Structure formats: C-alpha cells, structure tokens
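In full-length UniProt numbering, the protein residues as written are 1 to 155.
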C-alpha cells in the first residue's frame, strides 16, 4: 500500500499487488480500481489477465459499470507496433450515468494515482504510462484507445 499527499488530501493507494501482477503477464490484462466510500483510498476491485491480442479489452469493456466511475489500468503487452513492449494505460472512466460529485472526485484524485503508478512502473523499468479519460463506450473503442496509447508513447 502506498500513501501520497495530493493537495490537502491524504490518499492511500492500494495498487502494488495489481501492478506486480500486470507486469508479470505474458499477455494483456487489466485492473479496475475504485475510490473508497470515504474518498481516502484507491483500491482494486477486479483484476483479469492472460489475454492475447485484444481479447482482454473486450472483457474490460464488459466489466465497466454503466453508472459508476472507475479507473482502468490496462497492459497492452504484445499489442504495440513492435510486438514486444509493455504499454500501460490508465483510463479514468466517467460515465454519463455517474453522479457529478463522483465524477469530480475521480477526476481530481487521478493525479495521485498517476504519480503512484508511474513511480512503480519506473522502478520496474517500464517506460511511461499513457493516460486518458472516457465518458462513453464509444470513447473506449479498442482501436481508438490503442492508437492514443501508441501516440503518447511515440512522443
């Protein structure tokens, strides 16, 4: 468990085990993370792994709730242009059905999560983290997200 101070909030971020699992994969995988009810911790809800060539992404879309915000940490292993790279993407899921208060909390707490994930990836010698937001399943189209991940990594 990692702790960070983001602005005036003290946030516990429970993602070390999730990142370790996703780093050891031979295929793609993902984890969904949520903000605790008291908004003082970020914790994993679900982790799935062992997928190949986009199969895991379809499962990710099926696991995203229609009216609840989440963060999705996806490992695009073996889905990059060179076929060997581990490319992580953190997606802030802010669906239209979620309350405005919840959307604001997820939007502002993502920075603490990004910092924590980037530090862990750097210590594991993984280069970078693509970051994006999505408000609908259309924003989450596999080709669109993969293109954005590749664009952020190529810059």
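The C-beta atom is built at its ideal place from N, Cα and C for all residues, glycine as well. On a predicted model such as this, the values are computed, not experimentally measured, just so you know.
Is the beta carbon of residue i sitting closer than 8 Å to the one on residue j?
| i | j | result |
| --- | --- | --- |
| residue 146 | residue 76 | yes |
| residue 23 | residue 126 | yes |
| residue 130 | residue 149 | yes |
| residue 39 | residue 94 | no |
| residue 69 | residue 103 | yes |
| residue 18 | residue 31 | yes |
| residue 179 | residue 74 | This structure leaves residue 179 out entirely; the chain is present only between 1 and 155. |
Assign residue i to one of three DSSP states: helix, strand, or coil.
| i | result |
| --- | --- |
| residue 118 | helix |
| residue 8 | Reliability fails at residue 8, whose pLDDT of 40 lies under 50, so the model's placement of it is uncertain and no value is given. |
| residue 14 | coil |
| residue 39 | coil |
| residue 56 | helix |
| residue 130 | strand |
| residue 64 | coil |
| residue 150 | helix |
| residue 138 | helix |
| residue 88 | strand |
| residue 124 | coil |
| residue 23 | helix |
Throw me the rounded Cβ distance for the residue i and residue j pair, which I believe falls under 8 Å.
| i | j | result |
| --- | --- | --- |
| residue 158 | residue 153 | What the structure shows of the chain is the stretch from 1 to 155, and residue 158 is not part of that stretch, so it cannot be assessed. |
| residue 136 | residue 98 | About 12 Å; that fails the 8 Å criterion. |
| residue 46 | residue 63 | 6 Å |
| residue 14 | residue 43 | 4 Å |
Buried or exposed: which applies to residue i, given that a residue is buried once 16 or more other Cβ atoms fall within 10 Å of its Cβ?
| i | result |
| --- | --- |
| residue 138 | exposed |
| residue 107 | exposed |
| residue 20 | exposed |
| residue 72 | buried |
| residue 36 | exposed |
| residue 60 | buried |
| residue 113 | buried |
| residue 101 | exposed |
| residue 92 | buried |
| residue 151 | exposed |
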